[in-house]
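For the sequence shown, the working numbering gives the first residue as 142, with consecutive numbering after it. Okay, structure first, notes after.
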Amino acid sequence: MAAKLDINALSIEQIGRYIQAIEGEVKFFEESLVQLKGVKQKFENSKDTVASVNGDEKKKAHLIPLTETLFVKAKVEDPNSFLIEIGTGYFVEMKKDKAIDFFARKGLFLNERVVEIEKLLMEKKTTQQMLKVNYQAKVSAAAGASAIPAKGMREDPLSNQEKEFILSGIRNNCRLDDRMNYDHREMKVMFGEELGSCLVILGKTKVFAKVSLNWGPIKDNRKSSGYIDMFLSKGNLGNCRAEIGKLEGKHIEMLRCIEQTVRDSDCVDVDSLCIRIGETCMQCRVDIHLIDDCGGLADAGSVAVIGALKHTYLPVYETTPQCDYIYDDSYKYGKPLTIFHTPIATTFGLFNDEEISIVDPTHREEQSLGGAIVISANDRNEICSTFQCNHIDISATHLAKLAEIARIRAKHVSDILTKALKIDAERRKAKQPLSKFNELINLDDENSFEMTPNKISLPFQTKVEDYDSDAENRNDQMACKLTKMSTPGFEFEKRVKPGSIKIVNENVVGHEQPDIPMEESDDEDDEIGDDLFGHAEAIAKLGSK
142 MAAKLDINAL SIEQIGRYIQ AIEGEVKFFE ESLVQLKGVK QKFENSKDTV
192 ASVNGDEKKK AHLIPLTETL FVKAKVEDPN SFLIEIGTGY FVEMKKDKAI
242 DFFARKGLFL NERVVEIEKL LMEKKTTQQM LKVNYQAKVS AAAGASAIPA
292 KGMREDPLSN QEKEFILSGI RNNCRLDDRM NYDHREMKVM FGEELGSCLV
342 ILGKTKVFAK VSLNWGPIKD NRKSSGYIDM FLSKGNLGNC RAEIGKLEGK
392 HIEMLRCIEQ TVRDSDCVDV DSLCIRIGET CMQCRVDIHL IDDCGGLADA
442 GSVAVIGALK HTYLPVYETT PQCDYIYDDS YKYGKPLTIF HTPIATTFGL
492 FNDEEISIVD PTHREEQSLG GAIVISANDR NEICSTFQCN HIDISATHLA
542 KLAEIARIRA KHVSDILTKA LKIDAERRKA KQPLSKFNEL INLDDENSFE
592 MTPNKISLPF QTKVEDYDSD AENRNDQMAC KLTKMSTPGF EFEKRVKPGS
642 IKIVNENVVG HEQPDIPMEE SDDEDDEIGD DLFGHAEAIA KLGSK
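So this is what it looks like as structure tokens:
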């Protein structure tokens, strides 16, 4: 008997892994149920066909099925005798009554299996629902917990005065960034030089998505299709108090919301990723990188992911009995990944006890509001999914109003994506230079800082005396001139080989010149400590040639 687990004792990451495992089992049972029902229907059709044959009509012409769509005309010698397939290509000759009994027994057996699988499927769905409810509760609790800094990583909460100021402005249909409640921020979409890369800028929020296709084995529960995996990473670029490598509650909410919006809505044709049924497929991996977090992560993330998927090209491949071949130039030989529709997520901020909401809340507004709901719509005016945070009650009338706003915004964002993809395709076709992501850096922005390097000032003074370079040809060791280098506080000597230094330079400060070769003397008595010689060599390199 399987051991029982206490859901309340599990962490958010553990519950997320259990949810993914349960989702795989649910899909497997659903597909198995469909297949069993199909086989059961075939046995019932075979039973009806055998029962419809009249045993007294010998040598009567019939249409005999060779396949499901191919029939041939033939005469039946003995209408009371049949060849029945019992499985794996084996046929047994049976009389009419025995054949009908065989099909009846098979139908009864399959019906019992269908009932068992339906029962298991209902249990799995119940467990899945319980895990999702517990998961969202834990995520909401983690996101709405007190923002006391833990190990210096969590964000500081807003003061009561600031929170009340933001809420009073929302009640008066006025927000801090000069928007009204149902206005969204300006959005920019850019595609990189490499296929499958998309950068989305929503206000000051920046999210980058990269799609990569790998050749790998197929999953057991999806024998004839590929699959999509999504991963979220964040650093300390967008938030200096973020802990690198550790996802917080809102980041896990964002990942789950994007998975529900893009992957679970079946907008991608995963069947086209299959290479060999039951063996190999294209594994689609989507990496989501948070560059700057200023609110609206789900909105920007969903656009970045769907834009990267639309920017992905499937490579052309060939399959032979011996091996598989794949072409490297995906853009030249491949075809775009098939996208059935374009789901776009829209976040609405909600009040606790009021029928007031805002579109596309910023980071500070998210901290002030009681909760949020994410509604995903596509370019066909269809609602794809909903994802609610903190479980705030909302009326049906208000929800319908938000859904209509989500549809309008989805259509607008879809047009932006289509236009950006068209421009990118035209530039690639004309072999024009593509836009670089570094063009987005604006040094005139109030949040941008330019660092200028400081000149290095060294207080050293060097003086090198010249001499007759012909002394080197005489191999005269005593011909070396004594070079003195001094700094404030100490003075040391070093013998320099003839012909190596031939200039006099006073007060060399802040300039780097070509290296000047220096060699040590063989005289052990004139050797200096490593530290001092390193100092002297550095000063010698500063001389101008």
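Backbone N, C-alpha and C define an ideal beta-carbon position, used for all residues, glycine too. Everything numeric in this text was worked out from a predicted model, so none of it was measured.
As a quick exercise: from H325, M331, C530 and E259, pick the residue whose alpha carbon is nearest that of R568. M331
In DSSP terms, what K476 is bridged to: L455
S366 to D412 span [Cα, whole Å]: 4 Å
Roughly how many angstroms separate the alpha carbons of V348 and I258, rounded to a whole number? 42 Å
Out of D361, D324, C339 and I480, which has the shortest C-alpha to C-alpha gap to G490? D324
Residue interval of the alpha helix (DSSP H) (run including H430): It is not in any alpha helix (DSSP H) - H430 instead sits in the beta strand (DSSP E) that spans T421 to D433.
Taking 8 Å as the limit between beta carbons, can you name the residues of its chain near I447, skipping five residues before and five after? Cβ neighbours of I447 within its own chain (closer than 8 Å, five residues either side excluded): V403, C408, I480, T483, P484, I485 and L558.
Whole-angstrom C-beta distance between C339 and H452, which should lie under 8 Å: 6 Å
Which of the three DSSP states, helix, strand or coil, is assigned to M331? Here M331 sits in strand by DSSP.
K351 vs I342 beta-carbon contact at 8 Å: no
Between E167 and L262, which are expected to be in contact by the criterion C-beta below 8 Å, what is the C-beta distance as a whole number of angstroms? The amino acid occupying residue 167 in the given sequence is Val; Glu does not appear at that position. 7 Å between Cβ atoms; contact.
Assign N186 to one of two classes, buried (16 or more other C-beta atoms within 10 Å of its C-beta) or exposed (fewer than that). exposed
Can you have a look at F223 and say buried or exposed, based on whether 16 or more other CB atoms are within 10 angstroms of its CB? buried
Can you find the residues in the same chain that come closer than 6 Å, C-beta to C-beta, to D565, ignoring five residues on each side of it along the sequence? F332
H553 versus D410 - alpha carbon distance: C-alpha separation (whole angstroms): 24 Å.
Which of helix, strand or coil DSSP assigns to H203: strand
Taking contact to mean 3 or more Cβ pairs, one atom from each stretch, closer than 8 Å, check whether the stretch 224-243 and the stretch 176-183 are in contact. no
Considering only their Cβ atoms, is the gap separating G437 from T488 smaller than 8 Å? yes
Based on DSSP bridge pairs, tell me the residues matched to M235. Residue pairing by DSSP places M235 opposite F223 in a beta bridge.
Is the Cβ-Cβ distance between R505 and L354 less than 8 Å? no
Close-in-space but distant-in-sequence residues of the same chain around D617 (CB under 7 Å, 5 per side omitted): Any reading at D617 is ruled out, since the residue's pLDDT is 45, under 50, leaving its predicted position unreliable.
Any contact between the stretch 390-400 and the stretch 420-439? By contact I mean 3 or more CB pairs, one from each, below 8 Å. yes
What would DSSP say about N355, mapped onto helix, strand or coil? Collapsing the DSSP output to three states places N355 in a strand.
Give a yes or no on whether the C-beta atoms belonging to V457 and G475 are separated by under 8 Å. yes
Out of A449, G419, H203 and K239, state which residue places its alpha-carbon closest to the alpha-carbon of D428. Taking D428 as reference, the option from A449, G419, H203 and K239 with the minimal CA-CA separation is A449.
C398 - containing alpha helix (DSSP H), residue span: G390 to I399
In its own chain, which residues sit with a C-beta less than 8 Å from the C-beta of I153, not counting the 5 before and 5 after it? Y276, K279, V280, A283, G390 and I393
Give the DSSP bridge partners of S498, in chain order. Note: S498 sits in a beta bridge opposite L491.
Determine the direct distance from the alpha carbon of H203 to that of F212, and round the result to whole angstroms. 9 Å
Could you give the DSSP three-state label for V175: helix, strand or coil? In the three-state scheme derived from DSSP, where H, G and I count as helix and E and B as strand, V175 is classed as helix.
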